[in-house]
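Reading through the structure tokens given below for one structure.
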Amino acid sequence: MPAVEMRGVTKRFGPLTANDGVNFAVERGEIHALLGENGAGKSTLMKVLYGLYQPDDGEILVDGRAVGFRSPADAIASGIGFVSQHFALVPRFTVAENVMLGHEGGARLNPRQMRAQVMIAAESLNMAIDPNALAGKLSVGEQQRVEILKALKRNCRVLIMDEPTAVLAPQDVEALFAVLRDLQKQGMSVIIITHKLNEVFAVSQRVTVLRLGKVVGEIATEATSPSALAELMVGRQTLAVERNTDHQRQEPVKLEVRDLKLADKRGGLRLRGLSLEVHGGEIVGIAGVAGNGQSELVSVLTGTAVPDSGEVLAHGQPYPLGQPKALPNLKIARIPEDRLKAVISDMSVADNLVLESLDGFTRLGHLGRQQIREHAERMIKDFQIKASPGDLVRTLSGGNIQKIILARSLGQQPEVVIAAQPTRGLDIGATEYVHHKLLEQKERGAAILLISEDLEEILQLSDRILVIFEGRIAGEMSAANADVQRIGALMTGAGG
Amino acid sequence: MELSIESILVLFGATLRIATPILLGALGETVIERAGILNLGIEGTLLLSSFTGFVAAQVTGSLWIGLLAAMLTGVVLCLLMGLLSVTLGVNQHVSGLGITMLATALALFWFRLQYGGGTTPPALDESFQPLQAFTGTPLEPVFSQHWLVYVALLLVPVTAWMLNRTSFGLRLRSVGENPEAADTAGVSVYRVRYEALIVGGILMGLGGAFLSLAQLGAFSHGIINGRGWVAIAIVIFGNWRPGRVLAGALLFSFVQALQLRLQASGIALPYELLLALPYLLTIVAIALVGRNVSAPAALLKPYRREG
């Protein structure tokens, strides 16, 4: 008997059917991957299972008994736990308070006992965590562990993890998988929602694939292959990214960074004399472990931080440091790290598309509504944005929001492109699209600086790879000679 | 004004008396705001509960029934705030101000029905009398207070204990900081917010009743006179912590008591300036500490489950 079974579950949001007659079952002591592209309905299905959404049709069985969850409290009572992508922690509470919330064990709080219980639970999973630490001060990986502890505290027997690795640094991913395997050994069932094929093979025993709200396959992981799953998931053969590896560096340098230094508020140096150059028609990838100065470099190049010293030149001209408004005029395009901070969610697609070039759409302070709309329609077509000009950006998927940013920045025929984590959190289709667009800009002759935590992406796209470590470039190699071992050593400061 | 020990003790006594209704209101507001609701209905809630308390006491001849009626009024108005801002998700500024306007108009209307258009404020034959303590000693003016003054002071640690040391308090703070987290932890956000409103309503009712049933033993339209707004400022000054809220209430009331003393002593300053003094101080105090306070993260945000 499965630990949890969903039969014929349908969930509609207005005209959209997010789940269409989905059958899904998880056995006891199994790690089950729920695979699908963004928007395939994975999260919706799991939110139905967790009582956050009420299904329009279908039934849910826990240990063979039909249940009706009206709220997460009901699901928790049936032994179902959910670790969302957006952690549901109270930043100002301690780890112990977060874990015990809702299950305090009595009207009076007993802080000492709360701490002890959290310690015991953490030790059973080989986690090192301070129960007195404030949740808001923890790293992302630690916050995720607190979420797992919360579920355990509620006697969870089926743990749902919503894209657990999307927010993790590479070294934390293996630690997470170790925790999941420990949970499995304790007899727990784990559902891992993902769109990353390597994770399916790294940790799961079974996999259910969703496409457009429907189940398109349920297979034992060992009986399938990445390409078979990818095909099920996307519904077509994935396009191989074409790239020109024997790139000749003939074009002049278009972006030059010299000896950049930047201290943080506490005086710690985040950039320690970083230098690099990018030629036209070249993609230079910056690889590195998160927190080695990538964000600071991006902030300087996107105009939101002013370095303490050093020089930046764009086509030989001084870069307008600290003046983001001047960048588009100099044909410098930006794809910022956090796409939600690059758009105004409560404004329309059309308005967001002209945010950087408002002057061109304004006459005597009056917005040219007609022009803005036409521009939006053109961009929506050119960049395949699935939206209409009047839609609010907050209603769009991550991939479509990223396309708006691409349209806004790349639509202006840039000479220099600063692309920071351009595909973070995107599904395969959208990732391919972004890669394709970057390569298109390269062919046009733009100089592209790609900063990404996804090493595969760097290897796939870059002509040259720079490794950043502790605020400076620790090593450089051409893509042709790229050696993952050497990059890994440089990333961790081991490769002098 | 001579600065004798006696006069300072008298000043302290007045400070406690003046602080009590503000403190009760501010504690009620603290509880409600910690659950994520800014209740701008406080000014009207204080007024209407002080009025219903007064009417109930006069009609029934029982101060205790008056006290109950005032608390009930506080609860009803806060539940109305809950209906608007929690259940219906109306903007909290709008619903709070609406409740203050409604309660103010209701008090006025009911007053007319009950007492006509007369200008002399009606008074109770009998009101709560101050306790006698340290009679004949210089400490008498400090400690001979209404019992509600002591209740209000006692409620400071009680509220702090409730917020920080009970599971109800933990849940209450969680819905004010991150209602999504509370919801996924199986805490009913709406229910806890309503519970906070009920507790806050009782405290506000007590604050209103203190004025009409104890301190003044009478009712007039101007009886609250902005004390609700001051309470809101004091909650911010107090960084949403009962102990600091007490400090804020005492500070404001001390300056208020001082300016009253100064007026009575015939000091050569325009009395308008003296009247403004406590409020100026409030503005300065908020400006000074305002940068270092942190409001409950979910304050002002109606909670809706997505989907």
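As given, the protein sequences belong to chains A and B, one line each in that order. Going by this note's numbering, the residue at position 123 of the first sequence is 123; the numbering climbs one at a time, nothing skipped. Going by this note's numbering, the residue at position 102 of the second sequence is 1102; the numbering climbs one at a time, nothing skipped. Just so it is clear, CB atoms sit at the ideal spot from N, CA and C, and this is done for glycine as well.
Please classify MET1 (chain A) as buried or exposed, where buried requires at least 16 other C-beta atoms within 10 Å of its C-beta. For this step, residue 1 (chain A) is matched to residue 1 along the first sequence. Exposed.
In chain order, which alpha helix (DSSP H) runs of at least 4 residues are fully inside the segment 16 to 71 of chain A? 42 to 49
Please report the distance separating the alpha-carbon of LEU1067 (chain B) from that of SER1050 (chain B). As a working mapping, residue 1067 (chain B) is identified with position 67 in the second sequence. As a working mapping, residue 1050 (chain B) is identified with position 50 in the second sequence. Between LEU1067 (chain B) and SER1050 (chain B), the C-alpha separation is close to 9 Å.
Which one of A:GLN370, A:VAL173, A:ARG486 and A:ASP182 has the shortest CA to CA distance from LYS196 (chain A)? Along the first sequence, read from residue 1 onward, the residue named residue 196 (chain A) stands at position 196. The shortest Cα separation from LYS196 (chain A) among A:GLN370, A:VAL173, A:ARG486 and A:ASP182 belongs to A:VAL173.
Can you name, in chain order, every residue of its own chain whose Cβ lies under 7 Å from the Cβ of PRO164 (chain A), other than the five neighbours on each side? Walking along the first sequence from the start, residue 164 (chain A) turns up at place 164. Hits under 7 Å: VAL83, GLN144, LEU176 and ILE192.
Quick one: Cα of PHE93 (chain A) to Cα of HIS1146 (chain B), how far? In the first sequence, residue 93 (chain A) corresponds to position 93, counting from 1. In the second sequence, residue 1146 (chain B) corresponds to position 146, counting from 1. Approximately 38 Å, taken between the alpha carbons.
Applying a beta-carbon distance threshold of less than 7 Å, which residues of chain B neighbour VAL90 (chain A)? In the first sequence, the residue the question calls residue 90 (chain A) occupies position 90. Near VAL90 (chain A) (Cβ distances below 7 Å), the residues of chain B are SER1174, GLU1177, ASN1178 and ALA1181.
The alpha helix (DSSP H) with MET491 (chain A) in it runs from where to where? The count along the first sequence starts at 1 and reaches residue 491 (chain A) at position 491. 484 to 491 is the span of the alpha helix (DSSP H), which, as asked, contains MET491 (chain A).
Would PRO15 (chain A) count as contacting chain B if we go by Cβ distances under 7 Å? In the first sequence, residue 15 (chain A) corresponds to position 15, counting from 1. So no, PRO15 (chain A) is outside the interface.
Same chain only: Cβ atoms within 7 Å of LEU1080 (chain B), ignoring 5 sequence neighbours per side: For the purposes of this step, residue 1080 (chain B) is identified with residue 80 of the second sequence, where counting begins at 1. Within the same chain, LEU1080 (chain B) has close Cβ partners ILE1099.
Pick out whichever of A:ARG270, A:ILE473, A:ALA350 and A:VAL300 has its Cα sitting closest to the Cα of GLY390 (chain A). On the first sequence, position 390 is the one that residue 390 (chain A) refers to. If we check each option's Cα against that of GLY390 (chain A), A:ALA350 comes out closest.
Taking Cβ-Cβ distances below 8 Å as the criterion, which residues of the segment 140 to 170 of chain A are in contact with chain B? LYS150 and ARG154
Helix, strand or coil for PRO1021 (chain B), going by three-state DSSP, please let me know. Within the second sequence, the letter at position 21 stands for residue 1021 (chain B). Helix.
Anticipated Cβ contact below 8 Å, MET1204 (chain B) with GLY1025 (chain B), distance rounded: Sequence index remark: in the second sequence, residue 1204 (chain B) carries index 204 (1-based). Sequence index remark: in the second sequence, residue 1025 (chain B) carries index 25 (1-based). Right, their Cβ atoms sit about 5 Å apart.
Helix, strand or coil: which one does DSSP assign to PHE1111 (chain B)? For the purposes of this step, residue 1111 (chain B) is taken as the residue at position 111 of the second sequence. Three-state result, PHE1111 (chain B): helix.
CA-CA distance, PRO324 (chain A) and ASP259 (chain A)? What you label residue 324 (chain A) is simply residue 324 of the first sequence in a count that begins at 1. What you label residue 259 (chain A) is simply residue 259 of the first sequence in a count that begins at 1. For PRO324 (chain A) and ASP259 (chain A), the distance between alpha carbons rounds to 21 Å.
Any beta carbon from chain A within less than 7 Å of ARG1165 (chain B)'s own beta carbon? Locating residue 1165 (chain B) in the second sequence gives position 165, where the first residue counts as 1. Yes, its Cβ sits closer than 7 Å to a Cβ of chain A.
How would you call ASN1091 (chain B), buried or exposed, if buried means at least 16 neighbouring beta carbons within 10 angstroms? Position 91 of the second sequence, counting from 1, holds the residue named residue 1091 (chain B). Per the 10 Å Cβ criterion, exposed.
Say the cut is 6 Å; is the CB of ILE120 (chain A) nearer than that to a heavy atom of the ligand SAH? Absence of the ligand SAH from the depicted structure is noted, as is the absence of any ligand whatsoever, leaving it without description.
Does any residue of chain A have a CB that is nearer than 7 Å to the CB of VAL1187 (chain B)? Reading the second sequence from its first residue, position 187 is the one you call residue 1187 (chain B). VAL1187 (chain B) counts as touching chain A.
Check each candidate in A:VAL26, A:LEU450 and A:GLY102 and name the one with the smallest Cα separation from VAL284 (chain A). On the first sequence, position 284 is the one that residue 284 (chain A) refers to. Minimum Cα distance to VAL284 (chain A) is reached at A:LEU450.
Pick from A:VAL4, A:ILE401 and A:LYS42: whose alpha carbon is nearest that of ALA66 (chain A)? For the purposes of this step, residue 66 (chain A) is taken as residue 66 along the first sequence, with counting starting at 1. That would be A:VAL4, whose Cα lies nearest to the Cα of ALA66 (chain A).
Within the 7 Å Cβ cut-off, does ILE129 (chain A) reach chain B? Position 129 of the first sequence, counted from the first residue, corresponds to residue 129 (chain A). Output row for ILE129 (chain A): interface = no.
Note the first and the last residue of the continuous beta strand (DSSP E) segment covering GLY8 (chain A). For the purposes of this step, residue 8 (chain A) is taken as residue 8 along the first sequence, with counting starting at 1. Run containing GLY8 (chain A): 4 to 13, per the beta strand (DSSP E) assignment.
Report the neighbours of LEU1380 (chain B) on chain A: residues whose CB is nearer than 7 Å to its CB, in chain order. Because chain B in this structure spans residues 1001 to 1307, residue 1380 (chain B) falls outside the shown range and cannot be described.
If we ignore side chains and look at the alpha-carbon of each, how far apart do THR238 (chain A) and PRO226 (chain A) end up? Here residue 238 (chain A) refers to the residue found at position 238 when the first sequence is read from its first residue. Here residue 226 (chain A) refers to the residue found at position 226 when the first sequence is read from its first residue. With a pLDDT of 44 at THR238 (chain A), under the threshold of 50, the predicted position of this residue should be treated as unreliable, though the coordinate-derived value follows. One C-alpha to the other measures close to 11 Å.
Leaving out five residues before and five after ALA240 (chain A) in sequence, what residues of the same chain have Cβ atoms less than 7 Å from its Cβ? The sequence position of residue 240 (chain A) within the first sequence is 240, counting from 1. For ALA240 (chain A), the predicted structure reports a pLDDT of 45, less than 50, and the residue's modelled location is therefore unreliable. A value from the coordinates is still provided. For ALA240 (chain A), where only same-chain residues beyond five positions count, there are no Cβ hits under 7 Å.
Interface partners of SER388 (chain A) on chain B, CB under 7 Å: Translated into positions along the first sequence, residue 388 (chain A) becomes position 388. Within chain B, no residue comes near SER388 (chain A); the closest Cβ sits about 22 Å away, beyond 7 Å.
What does a CB cutoff of less than 6 Å around LYS42 (chain A) pick up in its chain, not counting 5 residues either side in sequence? Numbered from its first residue, the first sequence carries residue 42 (chain A) at position 42. LEU34, GLY36, ILE193 and LEU210, listed in sequence order.
Any idea what DSSP makes of GLN1145 (chain B), helix, strand or coil? By 1-based counting over the second sequence, the position of residue 1145 (chain B) is 145. Correct three-state label for GLN1145 (chain B): coil.
Using the DSSP secondary-structure output, state which residues sit across from SER1174 (chain B) in a beta bridge. Translated into positions along the second sequence, residue 1174 (chain B) becomes position 174. Partner(s): none; SER1174 (chain B) has no beta bridge.
CA-to-CA distance, LEU152 (chain A) to SER124 (chain A), given in whole angstroms: On the first sequence, position 124 is the one that residue 124 (chain A) refers to. On the first sequence, position 152 is the one that residue 152 (chain A) refers to. Distance between the alpha carbons of SER124 (chain A) and LEU152 (chain A) is about 11 Å.
Please name the residue, chosen from A:GLU456, A:ARG206, A:VAL167 and A:GLU282, that lies closest to ASP338 (chain A) on a Cα-to-Cα basis. Numbered from 1 along the first sequence, position 338 holds the residue referred to as residue 338 (chain A). With distances taken between Cα atoms, ASP338 (chain A) lies closest to A:VAL167.
Applying the criterion that 16 or more other CB atoms from any shown protein chain within 10 Å of the CB defines a buried residue, is THR423 (chain A) buried or exposed? If you number the first sequence from 1, residue 423 (chain A) lands on position 423. Buried is the call here.
So the candidates are A:ALA178, A:VAL22, A:LEU410 and A:GLU476; which of them puts its Cα closest to the Cα of ASN126 (chain A)? Position 126 of the first sequence holds residue 126 (chain A). Ranking the options by Cα distance to ASN126 (chain A), first place goes to A:ALA178.
Any beta carbon of chain A sitting closer than 7 Å to that of THR1087 (chain B)? Counting from one through the second sequence, the residue named residue 1087 (chain B) turns up at place 87. With 7 Å as the cut-off, THR1087 (chain B) does not count as an interface residue toward chain A.
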